[in-house]
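Engineer: If you read the sequences in order, they're chains A and B. According to my numbering, the first sequence is numbered sequentially starting from 1. According to my numbering, the second sequence is numbered sequentially starting from 1. For glycine and all other residues, C-beta sits at the position ideal for the given N, C-alpha and C. Being a predicted model, the structure only gives us computed values, none of them experimental.
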Amino acid sequence: MRAISSFPDPEQPATGRIPPEVEVGLYRNMLRVRNAEETLAALYREKEMRTPTHFGVGQEGVAVGVCEALLPGDVVYTHHRCHTHYLAKGGSLLGLVAELYGREDGCSRGRGGSVHLTDRSVGLMGSSPILGQGVALAVGSALAFKMDGASTVAVSFFGEGTCDEGVVYESFNYASVNKLPVLLVCENNFYATESPLETRQPSGTRLCDRARAFQISAEKVDGNDVAAVYEAAQRALARIRAGEGPQFLECETYRWLEHVGPMFDHELARTYRTREEVEAWMQRCPVKRAGHRLLARGLATQAGLDEWRREVVDEMTAVVAQAKASPWPDPSTLFENVY
Amino acid sequence: MRNIKYSEALSEGLVQAMERDPGIFVTGIAVDYPSGIFGSTTEALRRFGPKRVFDAPAMENALTGIAIGAAAVGKRPVIVHPRNDFMFLAYDMMINLAAKWKYMYGGNAGSVPIVVRAVIGKGWGQGASHSQSLQSTLAHFPGLSVVMPAFPADAKGLTLAALTHGSPVVILEHRSLYDTTGPVPEEAVATPIGKAAVIREGTDITIVATSFMAYEALHAAQALADDGVSAEVVDVRSIRPLDEATILASVRKTGRLIVADTSWELCGFSSEVAALAAEKAFESLKAPVRRIALADCPAPVSHTLEKVFYPGATTIAKAALVMLGRRDSRLGEIDRADHFKGPY
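#1: Quick one: which residues of the stretch 95-114 of chain A get their C-beta closer than 9 angstroms to a C-beta of chain B? List them in chain order.
#2: In chain order, which beta strand (DSSP E) runs of at least 3 residues are fully inside the stretch 106-169 of chain A?
#3: Taking Cβ positions, are A/Gly-223 and A/Thr-253 nearer each other than 7 angstroms?
#4: Please specify which runs of the alpha helix (DSSP H), each continuous and at least 4 residues long, are wholly inside the stretch 94-170 of chain B, giving them in chain order.
#5: Run through chain B and tell me which residues come within less than 7 angstroms of A/His-116, C-beta to C-beta.
#6: Can you find at least 3 beta carbon pairs, one from the stretch 307-323 of chain A and one from the stretch 79-94 of chain B, that sit closer than 8 angstroms?
#7: Along chain A, in chain order, which residues have C-beta atoms closer than 7 angstroms to that of B/Ser-167?
#8: Spell out whether any CB of chain B is found under 7 angstroms from the CB atom of A/Ile-4.
#9: Keeping to the same chain, check which residues put their C-beta closer than 7 angstroms to that of A/Arg-212; ignore five residues upstream and five downstream.
#10: Which residues in the same chain as B/Gly-125 place their Cβ atom closer than 6 angstroms to its Cβ, once the five residues preceding and following it in sequence are excluded?
#11: Since A/Arg-210 contacts A/Cys-163 with CB under 8 angstroms, what's their CB separation in whole angstroms?
#12: How about A/Val-167: is its C-beta nearer than 7 angstroms to some C-beta of chain B?
#13: Could you pull out every unbroken alpha helix (DSSP H) segment of at least 4 residues lying fully inside the stretch 218-279 of chain A, listed in chain order?
#14: Under a CB-based cut-off of 7 angstroms, is A/Ser-151 close to chain B?
#15: Got a sec? Which residues, its chain only, sit under 6 angstroms from B/Ala-150 by beta carbon, not counting five neighbours each side?
#16: Using a Cβ-Cβ cut-off of less than 8 angstroms, give me the residues of the stretch 127-143 of chain B that come near chain A, in sequence order.
#17: Within the same chain, show all residues whose beta-carbon is closer than 7 angstroms to that of B/Tyr-103, passing over the 5 residues directly before and after it, in chain order.
#18: Just checking: is the beta-carbon of B/Met-87 within a distance shorter than 7 angstroms of some beta-carbon in chain A?
#19: Are the CB atoms of B/Leu-160 and B/Asn-84 nearer to each other than 7 angstroms?
#20: Here's the rule I'm using: 16 or more other beta-carbon atoms within 10 Å means buried, otherwise exposed. How should B/Gly-121 be labelled?
#21: Cutting at 6 angstroms between CB atoms, please list the residues of its own chain near A/Phe-341, excluding the five before and the five after it.
#22: Determine the contact status of A/Val-122 and A/Lys-89, defining contact as a CB-CB distance below 7 angstroms.
#23: Under 7 angstroms between beta-carbons, which chain B residues line up against A/Gly-140? List them in chain order, please.
#24: Rank B/Ala-245, B/Thr-314, B/Pro-183 and B/Ala-223 by C-alpha distance to the C-alpha of B/Lys-280 and give the top, closest one.
#25: To which residues of the same chain is A/Arg-241 closer than 8 angstroms at the C-beta, ignoring the five residues directly before and after it?
#26: From what residue to what residue does the beta strand (DSSP E) around B/Ala-231 run?
#27: Assess, as a yes-or-no matter, whether the stretch 100-108 of chain A is touched by the stretch 12-32 of chain B under the definition of 3 or more beta carbon pairs within less than 8 angstroms.
#28: Chain A partners of B/Ser-145, CB-CB under 9 angstroms?
#29: Can you give me, in chain order, the residues of the stretch 105-125 of chain B that have a beta carbon less than 8 angstroms from any beta carbon in chain A?
#30: Compile a chain-ordered list of the residues in the stretch 300-325 of chain A whose CB is closer than 9 angstroms to at least one CB of chain B.
#31: In whole angstroms, what is the alpha-carbon distance linking B/Ile-171 and A/Trp-328?
#32: When the Cβ atoms of the stretch 60-75 of chain A are set against those of the stretch 219-239 of chain A, are three or more pairs found closer than 8 angstroms?
#33: By how many angstroms is the C-alpha of A/Arg-45 removed from the C-alpha of B/Gly-255?
#34: Considering only their Cβ atoms, is the gap separating B/Ala-221 from B/Arg-200 smaller than 7 angstroms?
#35: When you compare the stretch 114-134 of chain A with the stretch 72-89 of chain A, are there three or more beta-carbon pairs, one atom per stretch, that lie closer than 8 angstroms?
#36: Between B/Lys-75 and chain A, is the shortest Cβ-Cβ distance under 7 angstroms, so that the two count as touching?
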């Protein structure tokens, strides 16, 4: 099984000193994202959402841990597996669900689909499915912030598969040369589509070293420990706001579902990873782990966790109904917003 | 009105736009060199300093993404490619992202009004990968505006228009034009994007031309007048959006059409205009449309090959005479000497 700390990067575990209200917020945000993704994946099987969708079930810890550490004005760019970041940054739930149903109330009014999400009101600038675009975009926004003397930070979420792309290194280089306020968050889930990291990168590759080669400080963290991600993001953001330039976080995590679509790989008899491997990672579920910590710290009771879960389920149920009732885009609007 | 050079007109348009909009900055390889992209960025650097005019590493794709990311939060970046051909490296960002940004987020992510300037090389053996002309490849994609100023007034006017436009604009500049001169208003007069210009009126034949070929077409039309041929010349200025109305009005008037472009025929701009005439002005055509474009091979280096590779004013004029059945003409070589001596 692919294990955390299979490479010798030092990793800082969570300190256990996160303020109670933050710890609770991290859990509840993850719970909401998890429920949204699982509900959408279940509904996707009805074949009413006609948009290729990359579910982020299992990877919530990275999105929530980083986004909770941001300030409201900070901006985020993300990739094809973007629902987690969109929701974690505060993107409209109705905007997401209606977008998947191709409706006018979708965040991109049914023109974008699952991989083109935006909610500028919360700084979720955009998601784009071509690997590496978001890295350059975040560096560009960071350039603008630095020009204006602002303390705002731009964040790019990208997968380890994106580290195969040349544009990433052009962007790292530029961000480093110009000491730009950008947080580079690599979600290492070990597979690009169905290609494992070891077939794409030399053996023993440490992604943090890629960043360090450009004099970017890098830290590796357990992406399934939301508290560890949150604290690592806070450390990185403090360095960025102190003018130290770009920071890189490698967050090891794992995607539970197939690359694109709502199924488990074993349902489709795919062999690029074993069912045992997937199930072992499901045992490392970031939501459950955060729940256990709340119970252990006495910050919640099991009844309280259950109540929070009911709240997110109720919210999602209502939003799905609202999204399905949302109007379809009018064909007469086909040419809107071309220029 | 005073006459100034094409390069000076570009510079003046840029400086006037930068005075009005503090969000404009200029970057790309060599923009802050003393040579200043044929002098077109020198004055902007002198006036606004290195915070707004600055060099970039060789990273065309990331640089374009960076410009888009800056534009997304309110800047208006200008990227310059001293060689058009390097822009291919930026096509992912230009085509997959910039061209679609406004549309694919349903208008809810705002717009990313970047301006991309790129120079088309020619002469002194620039060869296969330093002389291509990319308008057709870019104009294919909805969302990008692609303009090709041929004369100094439009070099300034389209720069001004691009720098207030609500979506990305690509300005293709032909290197043979930088030293040409023409009347240019001192005040900031924008040339509308999407509007062609009839730069010479005529009745026998229409020559629709792009960029440097508009300059060549005008020269050809003057020579044809000595032969009693009245040629109308349409400088398209904008490749996308294309001003169909002006082109079709001219074709309907003259009944004959030559399209002269700086690139190749196949799937190219010249074919597009030929198709336009065939679809929408067929009843007016008295002769088959003639396309004048590069020879269908990569650009060669050797001088003797370059000479037959590039069409010029002579090619256009002779094509017009053939189309009009003027076998009696004594028109000889009318191409102007190319004084460019490289290396760049």
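Structural biologist: In short, the structure shows the following:
#1: From the stretch 95-114 of chain A, only Gly-95, Glu-99, Glu-104, Gly-106, Cys-107, Ser-108, Arg-109, Gly-110, Arg-111, Gly-112 and Gly-113 have a Cβ closer than 9 angstroms to chain B.
#2: Whole beta strand (DSSP E) segments, 3+ residues: 124-127 and 154-159.
#3: Along the first sequence, one-based indexing puts residue 223 of chain A at 223. Along the first sequence, one-based indexing puts residue 253 of chain A at 253. In contact: A/Gly-223 and A/Thr-253 (Cβ atoms closer than 7 angstroms).
#4: With a minimum length of 4 residues, the continuous alpha helix (DSSP H) runs that stay inside the stretch 94-170 of chain B are 101-104, 135-139 and 152-162.
#5: Counting from 1 along the first sequence, the entry for residue 116 of chain A is found at position 116. Listed along the chain, the chain B residues whose CB falls inside 7 angstroms of the CB of A/His-116 are Met-104 and Tyr-105.
#6: Judged by Cβ distances under 8 angstroms, the stretch 307-323 of chain A makes no contact with the stretch 79-94 of chain B, as fewer than three pairs qualify.
#7: Along the second sequence, read from residue 1 onward, the residue named residue 167 of chain B stands at position 167. Within chain A, the residues Tyr-339 have their CB atoms less than 7 angstroms from the CB of B/Ser-167, given in chain order.
#8: On the first sequence, position 4 is the one that residue 4 of chain A refers to. Only weak support is given to the placement of A/Ile-4: the predicted model assigns it a pLDDT of 48, under 50, and the question is left unresolved by the model.
#9: The sequence position of residue 212 of chain A within the first sequence is 212, counting from 1. Answer for A/Arg-212: Ala-218, listed in chain order.
#10: Within the second sequence, residue 125 of chain B is the residue found at index 125, counting from 1. Excluding sequence neighbours, B/Gly-125 sits near Val-301.
#11: On the first sequence, position 210 is the one that residue 210 of chain A refers to. On the first sequence, position 163 is the one that residue 163 of chain A refers to. The beta-carbon separation of A/Arg-210 and A/Cys-163, rounded to 6 angstroms, stays under the 8 angstroms limit for a contact.
#12: Stepping through the first sequence from its first residue, residue 167 of chain A is reached at position 167. It does; some Cβ of chain B falls within 7 angstroms.
#13: With a minimum length of 4 residues, the continuous alpha helix (DSSP H) runs that stay inside the stretch 218-279 of chain A are 226-239.
#14: Translated into the one-based positions of the first sequence, residue 151 of chain A becomes position 151. Closer than 7 angstroms: no.
#15: Taking the first residue of the second sequence as position 1, residue 150 of chain B is located at position 150. The residues are Ser-211, Ala-214, Tyr-215 and Asp-235.
#16: Going along the stretch 127-143 of chain B in chain order, one finds Pro-142 and Gly-143 with a Cβ nearer than 8 angstroms to chain A.
#17: Mapped onto the second sequence, residue 103 of chain B falls at position 103. Within the same chain, B/Tyr-103 has close Cβ partners Gly-143.
#18: Within the second sequence, residue 87 of chain B is the residue found at index 87, counting from 1. Closer than 7 angstroms: no.
#19: Position 160 of the second sequence holds residue 160 of chain B. Position 84 of the second sequence holds residue 84 of chain B. Not closer than 7 angstroms, so no.
#20: Along the second sequence, one-based indexing puts residue 121 of chain B at 121. Here B/Gly-121 is buried, its C-beta having at least 16 other C-beta atoms within 10 Å.
#21: Because residue 341 of chain A is not part of the residues shown, which for chain A are 1 to 339, the question remains open.
#22: In the first sequence, the residue the question calls residue 122 of chain A occupies position 122. In the first sequence, the residue the question calls residue 89 of chain A occupies position 89. Yes; because the gap between Cβ atoms is below 7 angstroms, this pair is in contact.
#23: To locate residue 140 of chain A, count along the first sequence from 1; it is residue 140. Within chain B, the residues whose beta carbon sits less than 7 angstroms from that of A/Gly-140 are Gly-65, Ile-66, Ala-67, Ile-68, Gly-69 and Ala-70, listed in sequence order.
#24: The residue you call residue 280 of chain B lines up with position 280 of the second sequence. The candidate whose alpha carbon is nearest that of B/Lys-280 is B/Ala-245.
#25: Position 241 of the first sequence holds residue 241 of chain A. Excluding sequence positions up to five before and after A/Arg-241, its CB lies within less than 8 angstroms of the CB of Ser-151, Val-153 and Pro-181, all in the same chain and listed in chain order.
#26: Within the second sequence, residue 231 of chain B is the residue found at index 231, counting from 1. Where B/Ala-231 is concerned, the enclosing beta strand (DSSP E) stretches over 231-235.
#27: Touching, no, given that fewer than three Cβ pairs across the two stretches are closer than 8 angstroms.
#28: Translated into the one-based positions of the second sequence, residue 145 of chain B becomes position 145. In chain order: Tyr-339.
#29: Across the stretch 105-125 of chain B, CB contacts with chain A closer than 8 angstroms involve Tyr-105, Gly-106, Gly-107, Asn-108, Ala-109 and Gly-110, in sequence order along the chain.
#30: Residues: none.
#31: For this step, residue 171 of chain B is matched to residue 171 along the second sequence. For this step, residue 328 of chain A is matched to residue 328 along the first sequence. Here the alpha carbon of B/Ile-171 sits roughly 37 angstroms from the alpha carbon of A/Trp-328.
#32: Output reads yes: the stretch 219-239 of chain A touches the stretch 60-75 of chain A.
#33: Residue numbering aside, residue 255 of chain B sits at position 255 when the second sequence is read from its first letter. Residue numbering aside, residue 45 of chain A sits at position 45 when the first sequence is read from its first letter. Cα to Cα, the separation comes out at about 59 angstroms.
#34: Here residue 200 of chain B is taken as the residue at index 200 of the second sequence, counted from 1. Here residue 221 of chain B is taken as the residue at index 221 of the second sequence, counted from 1. Yes. Within cutoff.
#35: The answer is yes - the stretch 72-89 of chain A touches the stretch 114-134 of chain A, with three or more Cβ pairs under 8 angstroms.
#36: Residue 75 of chain B sits at position 75 when you count from the first residue of the second sequence. With 7 angstroms as the cut-off, B/Lys-75 counts as an interface residue toward chain A.
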